[in-house]
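Number of protein chains: 2
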Amino acid sequence: MHKIPNLKTALNVPLLELEKICLQHQHEIEHWFRSKWHTNKPPFYGSVDLRNSSYKLTPVDMNLFPGGFNNINPDFIPLAVQAVNNLIERYCPNATKVLLIPENHTRNLAYLKNVYTLNFILEQAGIKTVIGSLSEEITEATTINVTDELTMTYYPLIRENNRIKTTNGFDACTILLNNDLSNGKPAILENIEQILLPPLNAGWYMRKKTNYFTQYDIVCDEFANVINIDPWLINAYFDIATDLDFANNQGIEILAQKVDTIINKIKSKYAENNITDTPYVVVKANNGTYGMGIMTVKSGDEILKINRKSKNKMAVIKDGQTVHDVIIQEGVYTFEKINNQVSEPVIYMMDSAVIGGFYRVHPKKDVNENLNAMGAHFIPLTYACEALPGKTKHPECCAPNRFYTYSVIARLALLASSYEIKTYL
Amino acid sequence: MHKIPNLKTALNVPLLELEKICLQHQHEIEHWFRSKWHTNKPPFYGSVDLRNSSYKLTPVDMNLFPGGFNNINPDFIPLAVQAVNNLIERYCPNATKVLLIPENHTRNLAYLKNVYTLNFILEQAGIKTVIGSLSEEITEATTINVTDELTMTYYPLIRENNRIKTTNGFDACTILLNNDLSNGKPAILENIEQILLPPLNAGWYMRKKTNYFTQYDIVCDEFANVINIDPWLINAYFDIATDLDFANNQGIEILAQKVDTIINKIKSKYAENNITDTPYVVVKANNGTYGMGIMTVKSGDEILKINRKSKNKMAVIKDGQTVHDVIIQEGVYTFEKINNQVSEPVIYMMDSAVIGGFYRVHPKKDVNENLNAMGAHFIPLTYACEALPGKTKHPECCAPNRFYTYSVIARLALLASSYEIKTYL
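Listed in order, the protein sequences are those of chains G and X.
Going left to right, the first sequence walks through residues 689 to 1113 as the working numbering numbers them.
Going left to right, the second sequence walks through residues 689 to 1113 as the working numbering numbers them.
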């Protein structure tokens, strides 16, 4: 149940040249990461969506407020606990408490399980954790059912001078946000004296995907030098279009032109690498999340011809926010299938460590589509031996090499978010 | 196969009072460990044998040169890799290579698998690892078969000034000993400029169990204050007898007296705690390993009456060393059974983290006997959710609380070895 049903089915593409190179350079890569984490504080946590087209492997989205901890293989919770332990041991050995601020919705069972799991991980690391909610609906200590057997309690937040506490008097030196602040900067969190992770300005009210991918460009260029590859193999072209108003066709022509520019850049890379796939781009709300505000097109012309329904879908995202900025991102096909359904890996990290992940699988989507949509399901990665390189084999298990490359690209994505977070401080 | 067949069978004793206390104090305990590791460098690795009599849980042996990495659940190799990564990131971020020195015997397949697994773990952390052997039989690069498919190469060691290298020119800044140096301090390792882990004087030619347990006493007294328990619940009485010659009955009477003293101390503790078991002690070679030189007795009188065969067994241990010193250690019953066979947990640690373990199970031994003997087999611990406290339950798994207490006592044992190693520097 928690294992990939059939690894050969899950990974039906040929071994990437990139994977061979990563394995050959494993010592340099691990050493490089260690030196990077020595000078760049890893974020508390993060998750990254990868796309593997067999000729390239790239992050397409980096989540600084990861949900879905309930979807990772529960066998690997100890990895998360160990990461939290290390993080605290290194940066704040005196920390004993964390105030966890989740998303406001309290009826999304999957999300509640995520909060529960995160709370569990923190508690296992010996961190006393209390959940404080920003939701106006939480006006008193509220017991929330996660399963028939399991409950958790959400407390209202109160502010006393420059400290946030919960109404039951819980006062922590560290506040962990699992709320992406899509609908604005909550006044209660401004100018507080406690450590807020990630920082307030990393919230989606402020964060832009293009800021993140600008940092990822820097990371890729550095890393590509280490293993001597074309950075395009691990990166996707992108551009930004601003001042858009989909409802009134404002800015659409410029967007269409930019789409064509990216398409042409992809075309020449495809030609250079003898790739016969059709180039496409993904247009996404620059501050979007939850898989909303996303559109896949193969030309600028398609943008000019989109119908009202598609426009409406692009115009508004989570919490009713209007879309004015978009990122135009090179589309990366996913050629991974599980049970013949299109899938993409999502990798979770805490501190500098990969702690697990899952395949996002969608029975009704195609290889060039966004899979973060209603109807997706999740198959936990057997991060374990399989997540490790098999240059030499562990005597007791086989170790497909693919997962090592996933862990490398995921950590590059994490490093970029570490760079990005510095820009918000 | 890698799971405990039936957890309820494995853990057939009632939940210890101690376990409840550990769970109640989990936040304080984890915080205490973090502060301890902040000021005391954990050893590179170690394994500890625990005995659980339901009324007490104590370490009875701490191995600074752990074999048996092949017996831990391969699913948890990532925990070991993460621990190695953290260790290096913290203490020597520039380290890229390790020279691994194994035991000399090259025909013990189980031990070879251990070396292979250890090498694998280091390689996964991006540490270039070469195996250099102290054995006189290794006079050139020698390929060793671990399984039909897997091989590894042992290289002879050479010394150039104050550096040890292998004959293929491998020069590492760190040397990891997996050879317990039972038969003396190898001249080639004396006064080298490289970092040697553990230090040379931690070898069994010099190390004494009583030195270790003296440090463990200190750790226990400190920790018992933190959670307000009688340290006896997590510690076993011990004493030392020296200048022994079993063959010539020298020192045997004093040994017998000391046995009675310990037995009497146990008796009064048993009375105090309403325990009806019969007290016993285990007499072990003070520098012994591999389960050799061990004897279980219920009175000093038994010592005086042991037959020639038992004397001979006590007189000589690994690599033909004669026994002159013994530790007289309070015997701790093990009331854990797997498939109705007597078993005891062995816990593995790297850096400050528990990375796995197994049950040592012996079909022919009794609850008061040493299980580290021919005929033992190993069932990997499902360290995972089950290894974590279930004060709150993870939604996807049940989490017996027992393993948390194991991890606490194992880490106390590790901390004591950290104290001990300081005495060898």
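No residue lacks a Cβ here, since even glycine has one placed at the ideal position from N, Cα and C.
Length of the line joining the Cα atoms of N866(X) and I789(G):
As a position in the second sequence, residue 866(X) is number 178, starting the count at 1. As a position in the first sequence, residue 789(G) is number 101, starting the count at 1. N866(X) and I789(G): Cα-Cα distance of roughly 46 Å.
Of the residues N856(G), T794(G), T830(G), V772(G), the one placed nearest D1039(G), counting alpha carbons only:
Within the first sequence, numbered from 1, the residue matching residue 1039(G) stands at position 351. Here the closest residue by C-alpha is V772(G).
Given that Q714(G) touches chain X, what residues does it touch there, using C-beta distances under 7 Å?
To locate residue 714(G), count along the first sequence from 1; it is residue 26. Going along chain X in sequence order, the residues near Q714(G) (Cβ under 7 Å) are G814.
In angstroms with no decimal places, state the Cα-to-Cα distance between D927(X) and I1016(X).
Within the second sequence, the letter at position 239 stands for residue 927(X). Within the second sequence, the letter at position 328 stands for residue 1016(X). Rounded to the nearest angstrom, the two C-alpha atoms are 5 Å apart.
So, does the stretch 1036-1056 of chain G touch the stretch 952-959 of chain G, judging by three or more C-beta pairs under 8 Å?
no
Taking C-alpha atoms, which residue in Y968(G), T964(G), G939(G) lies nearest to T949(G)?
The sequence position of residue 949(G) within the first sequence is 261, counting from 1. With distances taken between Cα atoms, T949(G) lies closest to Y968(G).
Checking 8 Å against the spacing of the C-beta atoms, do L922(X) and L745(X) come in under that value?
Indexing the second sequence from 1 puts residue 922(X) at position 234. Indexing the second sequence from 1 puts residue 745(X) at position 57. Going by the sequence as given, residue 922(X) is Ile instead of Leu. Cβ atoms of I922(X) and L745(X): closer than 8 Å.
So, are the CB atoms of L653(X) and V769(X) less than 8 Å apart?
Any question about residue 653(X) goes unanswered here, given that chain X covers just 689 to 1113.
Where the beta strand (DSSP E) through D927(X) begins and ends
For this step, residue 927(X) is matched to residue 239 along the second sequence. Taken as a continuous stretch (DSSP letters only), the beta strand (DSSP E) holding D927(X) covers 926-929.
Using the DSSP secondary-structure output, state which residues sit across from T746(G) in a beta bridge.
Here residue 746(G) refers to the residue found at position 58 of the first sequence. In DSSP, T746(G) forms a bridge with R739(G).
Mapping the DSSP letters down to three states, classify K785(G) as helix, strand or coil.
For the purposes of this step, residue 785(G) is taken as residue 97 along the first sequence, with counting starting at 1. Strand.
May I have the straight-line CA-CA distance separating K816(X) from V947(G), to the nearest angstrom?
Position 128 of the second sequence, counted from the first residue, corresponds to residue 816(X). Position 259 of the first sequence, counted from the first residue, corresponds to residue 947(G). C-alpha separation (whole angstroms): 45 Å.
Measuring only between beta-carbons, confirm whether E718(X) sits less than 8 Å from chain G.
Along the second sequence, one-based indexing puts residue 718(X) at 30. Yes - at least one Cβ of chain G is within 8 Å of the one on E718(X).
Mark T827(X) as exposed unless 16 or more other C-beta atoms lie within 10 angstroms of its C-beta, in which case mark it buried.
Reading the second sequence from its first residue, position 139 is the one you call residue 827(X). T827(X) comes out exposed.
Scan the stretch 751-771 of chain G for residues whose Cβ lies nearer than 8 Å to a Cβ of chain X and list them as they occur along the chain.
N758, P762, D763, F764, I765, P766, L767, V769, Q770, A771
Quick check: what's the CA-CA separation for R895(X) versus L1102(X)?
The count along the second sequence starts at 1 and reaches residue 895(X) at position 207. The count along the second sequence starts at 1 and reaches residue 1102(X) at position 414. Spanning the two alpha carbons is a distance of roughly 16 Å.
When you compare the CB of H726(G) with every CB in chain X, is at least one pair closer than 8 Å?
For this step, residue 726(G) is matched to residue 38 along the first sequence. Answer yes: the Cβ-Cβ gap between H726(G) and chain X drops below 8 Å somewhere.
Return the first residue and the last residue of the alpha helix (DSSP H) that F911(X) is part of.
Within the second sequence, residue 911(X) is the residue found at index 223, counting from 1. Element bounds for F911(X): 897-915.
Of all the CB atoms in chain X, is at least one closer than 8 Å to the CB of N774(G)?
Looking up residue 774(G) in the first sequence gives position 86. Judged by the 8 Å Cβ criterion, N774(G) is in contact with chain X.
Counting along the chain, where does the beta strand (DSSP E) carrying T862(X) start and finish?
Taking the second sequence and counting its residues from 1, one reaches residue 862(X) at position 174. Its beta strand (DSSP E) spans residues 862-866.
Would you report the Cα separation of N807(G) and P1051(G), rounded to the nearest angstrom?
Start at 1 with the first residue of the first sequence, and residue 807(G) comes out as number 119. Start at 1 with the first residue of the first sequence, and residue 1051(G) comes out as number 363. Roughly 31 Å separates the two Cα atoms.
Does any CB atom of chain G fall closer than 8 Å to the CB of S1031(X)?
Counting from 1 along the second sequence, the entry for residue 1031(X) is found at position 343. By this cut-off, S1031(X) is not an interface position.
In chain G, what lies closer than 7 Å to E941(X) by C-beta?
Position 253 of the second sequence, counted from the start, is the residue given in the question as residue 941(X). In chain order: nothing, as chain G lies at least about 49 Å away.
Through-space distance from Q945(G) to K953(G), alpha-carbon basis
Stepping through the first sequence from its first residue, residue 953(G) is reached at position 265. Stepping through the first sequence from its first residue, residue 945(G) is reached at position 257. Using only the alpha carbons, I get a separation of about 13 Å.
Using the C-alpha atoms, what's the distance from N758(X) back to S821(X)?
Indexing the second sequence from 1 puts residue 821(X) at position 133. Indexing the second sequence from 1 puts residue 758(X) at position 70. Those two C-alpha atoms are separated by around 19 Å.
Write down every uninterrupted run of the alpha helix (DSSP H) in the stretch 944-1004 of chain G whose length is 4 residues or greater and which is fully enclosed by it, in chain order.
988-992, 996-1003
Go through its chain and collect everything with a Cβ distance to F1046(G)'s Cβ below 7 Å, but skip five positions before and after it.
Within the first sequence, residue 1046(G) is the residue found at index 358, counting from 1. If we look at F1046(G) and ignore the five residues flanking it on each side, its Cβ neighbours are N759, I760, V1034, F1066, I1067, P1068, L1069.
Got a sec? Which residues, its chain only, sit under 6 Å from L775(X) by beta carbon, not counting five neighbours each side?
On the second sequence, position 87 is the one that residue 775(X) refers to. Same-chain partners within the cutoff: D1039.
If we ignore side chains and look at the alpha-carbon of each, how far apart do Y1107(G) and P887(G) end up?
Within the first sequence, numbered from 1, the residue matching residue 1107(G) stands at position 419. Within the first sequence, numbered from 1, the residue matching residue 887(G) stands at position 199. So the two alpha carbons sit approximately 13 Å from each other.
Neighbour list for W777(G) in chain X, Cβ cutoff strictly below 8 Å:
Counting from one through the first sequence, the residue named residue 777(G) turns up at place 89. A small fix is needed here, since residue 777(G) is Glu in this sequence, not Trp. Residues of chain X passing the Cβ test: R722, W725, H726, S1040.
Chain G residues whose Cβ lies nearer than 7 Å to that of T784(X)
The residue given as residue 784(X) occupies position 96 in the second sequence. Neighbours of T784(X) on chain G, chain order: H715, H719.
Taking 7 Å as the limit between beta carbons, can you name the residues of its chain near L869(X), skipping five residues before and five after?
Indexing the second sequence from 1 puts residue 869(X) at position 181. Here the set comprises G891, W892, Y893.
What do you reckon, are the CB atoms on N974(G) and D931(G) nearer than 8 Å?
Here residue 974(G) refers to the residue found at position 286 of the first sequence. Here residue 931(G) refers to the residue found at position 243 of the first sequence. Cβ distance not < 8 Å, so N974(G) and D931(G) don't count as in contact.
If you check the beta carbons only, do F1189(X) and V1049(X) fall under 8 Å apart?
This structure does not reach residue 1189(X), given that chain X is present from 689 up to 1113, and the question cannot be answered.
Name the chain G residues whose beta carbon is nearer than 8 Å to that of P673(X)?
Missing from the structure shown is residue 673(X); chain X here goes from 689 to 1113 and no further.
With distances taken from CA atoms, which of A1064(X), V1042(X), K1053(X) is nearest F1091(X)?
Counting from 1 along the second sequence, the entry for residue 1091(X) is found at position 403. Nearest C-alpha to F1091(X): V1042(X).
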